[in-house]
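Reviewing the structure listed below.
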Amino acid sequence: MSMKAACLLPEGGIEHQERDRPSPGAGQVLIAPRMVGICGSDLHYYKDGRIGSWQVRQPHVLGHEFAGVVAGLGEGVTNTRVGDHVAVEPIVPCEECDPCHRGLYNLCPNMRFTGSPHTDGALQEYVNVPARGVHRLPDGMDLALGALVEPTSIAVHAVRRSGIKPGDTVLIIGAGPIGLLILAVALDYGAEAVYSTDVDDGRLELSQSLGATAALNVAGLGSEKILEGLSTGAPDVVFEAVGSPGTLETAVRLVRPGGLVVAVGVNIEERIPFNLMLIQSKEVTVVPIYLGRDAFPEAISLLASGRIDGHKLISHRLPLARTAQAMDIAMGGRAGAVKVMIEVP
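Start counting the sequence shown at 489; every next residue gets the next number (the numbering used here).
Okay, here's the thing in structure tokens:
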């Protein structure tokens, strides 16, 4: 049997191909994706054909933020059933290295990652995934929310790593999807005041609708001016969710002395300037995060219960046949694009 797939070509552009429908091997689950979110990493591949050493060398299927329906089970699979609605964790660890043995599977140096050039993703009618990454969704949960589970799991991991306590004050630099989800998770964890900064007024309005204490347009503003806009003073925790040169140092300047900065934003192509004396003189703790870990169940609960209103982040839904247009909308941030979803038939 054949199936439809939206393939990124090595020379650029999306080509719709007919491919053979796969069969699940031992320990695998065959998923029929229904909703796929476009991530910033997808846009890097779409624009540049690579992220670091991972390069598109043959027609490749993107998509790692997805939810769908279980269509088949390989030998030995017992954690799901045909017909289940599921979200899928894209990390495929080796399960043999030291980080894996210590439960740090998101740090596995040998990992494969669904939707990266070595492993096709979900922008196709069927995809095989390891059973360990399959998480059943509650009955009646919108599959579009299921496709938000993966980015929400990153936000959960970031907030856990921050050690936020009830009553803490928080600042988030960047109101993209991850920054917005960190905002929502921080509020759920009991933060007393959560501030959002960006240069896009539309995203700042969305921050406020999600519960931000204040949302500040920081275009052209230095650290002192930003701090003047925080009614509770320098925050206890700052999340850097941009990854641009200079924003990590800005985070260190904004956090209170003895505070904590969580480095969430990713920048593979450029070195980030780092003022070590500034960090030392304030005794700031800088905590990096990489992907998520053991956070899918909590992310599902947050979205399914409505404690996070994920629908507010979904700005566009386009069919698989319009994958290139969906990428272009997400790439340019046009028409209020926040989280662009692709519906697979």
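Glycine included, each C-beta is placed from N, C-alpha and C at the ideal position.
- Ranked by how close their Cα comes to the Cα of Ala-751, the residues Met-491, Asp-688, Val-775 have Val-775 in first place.
- Between Leu-497 and the set Thr-640, Asp-536, Ile-652, the nearest pair of CA atoms involves Asp-536.
- Here the alpha carbon of Leu-659 sits roughly 20 Å from the alpha carbon of Gly-780.
- As computed with DSSP, Cys-495 is found in a beta bridge with Glu-503.
- Membership of Thr-738 in the alpha helix (DSSP H) is indicated by the continuous run 735-742.
- In the DSSP annotation of this structure, the continuous segment of the alpha helix (DSSP H) that includes Leu-671 starts and ends at 665-676.
- Ala-703 is the residue among Phe-727, Ala-703, Glu-583 whose C-alpha sits nearest the C-alpha of Glu-716.
- Residue state for Gln-516 is assigned as strand, using DSSP reduced to three classes.
- Pairing Ala-674 with Phe-727, the inter-Cα distance amounts to about 10 Å.
- Burial state of Gly-664 is buried, judged by a 10 Å Cβ sphere holding 16 or more other Cβ atoms.
- Per the coordinates, the alpha-carbon of Ile-661 lies some 11 Å from the alpha-carbon of Glu-737.
- Ranking Gln-813, Asp-686, Leu-791 by CA distance to the CA of Gly-628 puts Leu-791 first.
- Residues Asn-598 of the same chain have their beta carbon placed closer than 8 Å to that of Glu-584, with the five preceding and five following residues left out of the count.
- Fully contained in the stretch 673-708 are the following alpha helix (DSSP H) runs of length 4 or more, in chain order: 689-697.
- Under the rule that a run must span 3 or more residues, the beta strand (DSSP E) segments found entirely inside the stretch 595-645 read 615-618, 622-624.
- Ala-825 and Arg-691 have their C-alpha atoms some 9 Å from each other.
- Three or more Cβ pairs closer than 8 Å define a contact, and the stretch 572-588 falls short of that threshold against the stretch 507-514.
- At the C-beta level, Val-730 and Gly-747 stay beyond 8 Å of one another.
- Scanning its chain for C-beta atoms nearer than 8 Å, with the 5 sequence neighbours on each side dropped, one finds around Met-491 the residues Glu-506, Arg-507, Asp-508, Arg-509, Gln-612, Glu-613, Tyr-614, in chain order.
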